[in-house]
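So the structure is just underneath, and the comments pick up after that.
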Amino acid sequence: MALSLPALAALEVAGVKFEDKLKVGAGDTVINGAGVRGVLFIKAYAMALYLPQKAAAATEAISMKGPKRVRIVLLRDTSGETFADALPSGIRKNHSEQEVAP
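Residues 0 to 101 (numbering that gives the first Met the number 0) make up the sequence shown, in order.
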């Protein structure tokens, strides 16, 4: 008799369970890290980065070949439009102009 066990989450951030592995297209990815973004003590979203293999530095993750996925889970009732408008602003607040230049 075979038992089906639920997949174990590698990380739990702000009540969101992120699996340790995800399939992206035909490729496999592993969780590289996760965190939560908040504004004035209000948790806005939890996010996890999945790569073909673990990376120690951002430059390594960006240049890595293969499938990649960012999983974002909203933690409050927010429209997609509001989130899409706020995301670039949050990125600019945490990076230099050179880092966000096209």
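Glycine included, C-beta positions come from ideal geometry on N, C-alpha and C.
Could you pull the start and end residues of the alpha helix (DSSP H) that residue i belongs to?
| i | result |
| --- | --- |
| Thr102 | The requested residue 102 does not occur in the structure, where the chain is confined to residues 0 to 101. |
| Ala60 | 57-62 |
| Gln97 | 96-99 |
For residue i, which three-state DSSP category applies?
| i | result |
| --- | --- |
| Ala43 | strand |
| Ala33 | strand |
| Lys16 | strand |
| Leu10 | strand |
| Lys22 | strand |
| Asp76 | coil |
In chain order, what residues of the same chain lie with their CB nearer than 7 Å to the CB of residue i, ignoring the 5 residues before and after it?
| i | result |
| --- | --- |
| Val29 | Asp19, Lys20, Tyr49, Leu50, Gln52, Lys53 |
My assumption, with CB atoms under 8 Å, is that residue i sits in contact with residue j. Please give the rounded CB distance.
| i | j | result |
| --- | --- | --- |
| Val72 | Val15 | 5 Å |
| Leu86 | Lys42 | About 15 Å separates the two Cβ atoms, so there is no contact after all. |
Give every residue of the same chain whose Cβ lies closer than 6 Å to the Cβ of residue i, excluding the five residues on either side of it in the sequence, and list them in chain order.
| i | result |
| --- | --- |
| Ala47 | Phe17, Ile30, Ala33, Arg70 |
| Lys67 | Leu50 |
| Val12 | Ala33, Val35, Ala45 |
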